Amino acid sequence: MAAAQGRLSDGTGGMDEPTKTEDGTESGRRPEDAAPPPFRAAVEALRGARLRPQIEVDPTPPPQRLAPYAYALEAAVVDGDEDLADGRLVLLHDPAGHDAWQGTFRLVTLVRAELEPEMAADPLLPEVCWSWLTGALQARGLAPGEPSGTVTRAGSHYFGGLAARPAASQIEIRASWTPREGLGGVPDTAAHLGAWCDLLAQVGGLPPAGPGDASVVTLPQRRGPHSR
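Residue numbers (this note's numbering): 1 to 228.
Okay, structure coming up:
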């Protein structure tokens with residue numbers, strides 16, 4: 001799977017890759033066991049979330065410099081040997097709070113998928129994709145604070161030695177929001193991860209999972225080799 005990467009343009013900074021020191025360690029990375037209890041609890045909830053088996057999820061090094069503490073996941077919607085959609089979800093935590101977040105936690109995401117030509121031509125596609133995100137959160141009873149983001153539709157046409165390739169279209173949803181903090185200042189990150197995976201599944205064209213769907217698996221889910 002190609003990890004979803006990029007720089008968000010909604011005021012939360014970018015999903016830049018962590019820098020490495022000469023000994024190979026990540027520069028600026030704080031030890032997880034030294035993190036505040038609310039952040040550790042939020043991360044444990046992410047790790048214990050139960051998700052649809054068609055969505056394969058792995059921890060990935062989080063971006064640095066966005067917040068004192070960060071945890072990141074990358075995921076793909078998989079159908080046989082094909083990735084239907086992929087994305088990245090980052091949990092940020094600043095114990096001192098952040099004026100732009102209106103809280104101490106922030107979730108930042110990038111989701112992307114290839115589109116059928118008919119769907120790519122729909123002028124309402126950006127609004128529809130944004131509604132998929134807000135609808136996925138609302139369906140799980142979540143009320144995100146300070147939501148912001150962009151929906152980008154891109155097309156590629158091939159020429160010369162690549163002329164045999166069919167034209168391709170892609171959608172990208174870049175967003176961030178502040179999860180409501182619960183008991184002990186800990187947000188329900190498992191529910192937010194579930195909503196994010198619902199969005200991934202919808203963007204990837206999977207049918208909705210029914211209430212109480214038993215076909216779920218527990219994180220972390222290590223991906224085996226795929227011929228993709």
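Ideal placement from N, C-alpha and C gives every residue a C-beta, glycine not left out.
Just so you know, these numbers come straight off a predicted model, no measurement behind them.
Distance, Cα to Cα, residue i vs residue j?
i	j	result
Trp-196	Val-43	15 Å
Gly-141	Gly-182	13 Å
Asp-83	Ala-201	11 Å
Ala-139	Gly-48	20 Å
Tyr-158	Leu-115	16 Å
Exposed or buried, residue i, counting other C-beta atoms within 10 Å across all chains shown (16 or more means buried)?
i	result
Arg-165	exposed
Arg-174	buried
Asp-122	exposed
Asp-99	exposed
Gly-204	buried
Which stretch, first to last residue, makes up the beta strand (DSSP E) that contains residue i?
i	result
Gln-170	168 to 178
Gly-185	No beta strand (DSSP E) holds Gly-185; DSSP gives it neither H nor E.
Arg-88	82 to 98
Below 9 Å between beta carbons: does that hold for residue i and residue j?
i	j	result
Ile-55	Val-77	yes
Arg-180	Pro-144	yes
Pro-38	Pro-68	no
Ala-45	Thr-189	yes
Val-151	Trp-130	yes
Can you tell me where the alpha helix (DSSP H) with residue i in it begins and where it stops?
i	result
Asp-198	189 to 204
Arg-65	From DSSP, Arg-65 is part of no alpha helix (DSSP H); its letter is neither H nor E.
Ser-118	As written in the sequence, residue 118 is Glu, which differs from the Ser given in the question. Per DSSP, Glu-118 belongs to the alpha helix (DSSP H) from 117 to 120.
At a cut-off of 8 Å, would you count residue i as near the ligand ADP, judging by its Cβ distance to the nearest heavy atom?
i	result
Ala-120	Only the bare structure without any ligand can be found here, which leaves the ligand ADP out of the picture.
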